[in-house]
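These notes are about the structure you will find just below.
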Amino acid sequence: MFAKESTPPSNFIRTIIEEDIKTNKYNGRVVTRFPPEPNGYLHIGHAKSICLNFGLAAEYGSHCNLRFDDTNPSKEEIEYIESIKSDVRWLGFDWEDRLYYASDYFEKLYECAVQLIKKGKAYVDDLSAEEIREYRGTLTQPGKDSPYRGRSVEENFDLFQRMRAGEFKDGSRVLRAKIDMVSANLNMRDPVMYRILQATHHRTGDKWCIYPMYDFAHCISDSIEKITHSICTLEFEDHRPLYDWFLNELNLYHPQQIEFARLNLSYTVMSKRKLLELVKEGHVSGWDDPRMPTISGFRRRGYTPESIRNFCERIGVAKRDSIVDVALLEHCIREDLNKRAPRAMAVLRPLKVVIDNYPENQVEELEAINNPEDPNMGSRKIPFSRVLYIEEEDFCEAPPKKFFRLAPGREVRLRYGYYIKCEKVVKDEKTGQVVELHCSYDPRTKGGWSPDGRKVKGTLHWVSADHSLDAQVRLYERLFVTANPLDEKQGLDFKSYLNPNALQTLTSCKVEPSLKNIALGSRYQFERLGYFYVDPIDSSEGKLVFNRTVTLRDSWAKIVRKSEN
RNA sequence: UGGGGCGUCGUCAAGCGGUAAGACACAGGAUUUUGGUUCCUGCAUUCGGAGGUUCGAAUCCUCCCGCCCCAGCCA
């Protein structure tokens, strides 16, 4: 693990940076930035970008800025800014005193625009949005010049000043770069630089009624911050000529834009728009619903920042579109929690077991190891008594082949307890449901060892009925039933692939008494079941609510699945 | 049918003219008081296809095929 972390895999961005350092392109500097728009919560795709940008900076002994790309007040909110900051921090990254906003640069941006106007490289256009679209042409047909393209520098300057002064209404005019209406790259067909928006900005208030567009604001913001490598996703590749054009025309410090493929994860969706839709339509409880691929969702699910960082490193960085198997993410969190999470016993679907030959009222304290992977975590005592609960699925009246658990007449081990043998099955007369088991125990097998060396095939987890604590447990599965919900075959909407069983809430779970006063947000492995997280929001004094982060690998389930097919 | 990208194992992904890393997944086996963990073993004679250059090609050239992105006053 450490070897892996100390020698990060090679990728094309690192190669570019190494080359730039060698040729002294930026005097050996490496400065990056993470530039989210505060219009939604961060998802694991952003985590990839965060790890990349902050990681690269750290690797080259430099820094990465956090900059909010807040140029569109109609979509952006303070709530998102706060969530983004806390998510980046939670992931383990630090922007120190370099928290920036594109809106901090509005005045500078305005000056740049004026400069382009004076250079004859920008003009105010009175065409409507629809007309601009028409004049732009199509993918295969060139565009044509706006009738306003030939305005004088003086007129453009005057109009632009009056746009800023609020003399015109929304949508009536825009400022455009004068580039090339017949360019094969649509982004170069006189892109809009400023639009009029009579909106209150979350930071600048009503100071502005014109707002810069992404292409104009982003390159200049990068330049102001002396970024060296401006890393963004593939869809901006076509924008690079424009990025370069603005900086060249303005004669500004010029960072290098580099594009990589965004992360896609199987069994989920990654676009903010779609995630917002799930939130707004109530398919999930919020942005931090543990079913969501958001950073806050994974946090609430019980994922650790380490596991997510490790995942981001393992998936690599490249330019080809891909869908990473969510099994890799699950592997990363299991790997982390296996080493760190203390073990405990919890019974999700309790089946009552009475040990008939165990003395009534007797209680024994048995020793249980907290984490077999880490002896330093010590051990604890768990009470054993005559009436216990075991997992419903650990008993089978007519066991199939390879079923090693409890069955009539069969002996199994209770973990850290005794060997018990099923003597009698009690069923509900009406439903035929097994409601209780009567077993006998072998007093010589205390702790789970047999002096005569006889072996049992199965070891079950259990809790003492009188000593156990009640708990609510939420079992989470994948949000979608299909690996690629965007593959909308037969015209099906991605939401038609939503997994109706992605959340199952169990309310009559029983957990061992040592979990009495555990900390909110702590993580446990419930033996044989999976890793669980104490939900910090819904748990309270005397009320335990656990979220299942991920199940343990389950080779028995695999066998069952195979035999079913 | 314009422009920009991309095609290496089921999924990610190294490789940059010297004869296909690694991870996940999967399949066997060993160990095991978690059917967990750990540990072995197997898993691309082949790099989208076809030609060509070369002693030698996933790497260079040519053509072809496929996939993604672009026609917001979103980012």
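For what it's worth, our numbering labels the leading residue of the first sequence as 4, then goes sequentially.
Don't be surprised by glycine CBs; every beta carbon is placed ideally from N, CA and C.
All values reported here derive from a predicted model rather than from experimental measurement.
- Annotation: Leu102 to Asn75 spans about 18 Å, alpha carbon to alpha carbon.
- A Cβ-Cβ separation of about 6 Å places Arg304 in contact with Asn550 under the 8 Å criterion.
- Of the candidates His221, Val127 and Ser86, the residue whose Cα lies closest to the Cα of Asp107 is His221.
- Between the segment 63 to 73 and the segment 90 to 99 there are three or more C-beta pairs closer than 8 Å, enough to call the two in contact.
- The alpha-carbon separation between His464 and Gly58 amounts to approximately 42 Å.
- Our two residues, Cys399 and Lys277, have alpha carbons roughly 43 Å apart in a direct line.
- Distance from the CA of Val428 to the CA of Leu440, rounded to the nearest whole angstrom, comes to 5 Å.
- Here Val272 is near Phe497, since their CB atoms are less than 8 Å apart.
- Spanning the alpha carbons of Cys54 and Ala264 requires a straight line of approximately 14 Å.
- In this structure, Ala50 is the residue among Gly31, Tyr29, Ala50 and Asn30 with its C-alpha nearest to the C-alpha of Pro38.
- Secondary structure note for Val548: its beta strand (DSSP E) is the uninterrupted segment Val548 to Thr554.
- The Cβ-Cβ distance between Ile182 and Met196 does not fall below 8 Å.
- Comparing alpha-carbon positions, the option among Phe163, Glu85, Val415 and Ile227 lying closest to Val177 turns out to be Phe163.
- For His46, there is no enclosing alpha helix (DSSP H), since its DSSP letter is neither H nor E.
- In the structure shown, Gln260 falls within a strand segment according to DSSP collapsed to helix, strand and coil.
- Contact between Leu391 and Val329 does not hold, since their C-beta atoms are separated by about 36 Å, which reaches or exceeds 8 Å.
- Its chain contains Val350, Tyr392, Lys513, Val514, Glu515 and Pro516 as the residues whose beta carbon lies nearer than 8 Å to that of Ser471, once the 5 sequence neighbours on both sides are disregarded; these appear in chain order.
- With fewer than 16 other Cβ atoms inside 10 Å of its own Cβ, Asn520 counts as exposed.
- Distances from the CA of Asp218 to each of Tyr422, Arg179, Gly420 and Asp209 were compared; the closest alpha carbon is that of Arg179.
- Contiguous alpha helix (DSSP H) elements confined to the segment 289 to 321 occur at 298 to 304 and 308 to 318, taking only those with 4 or more residues.
- For His441, the three-state secondary structure derived from DSSP is strand.
- The segment 441 to 455 and the segment 331 to 338 do not touch, with fewer than 3 CB-CB distances between them shorter than 8 Å.
- In the displayed model, Leu250 falls within a helix according to three-state DSSP.
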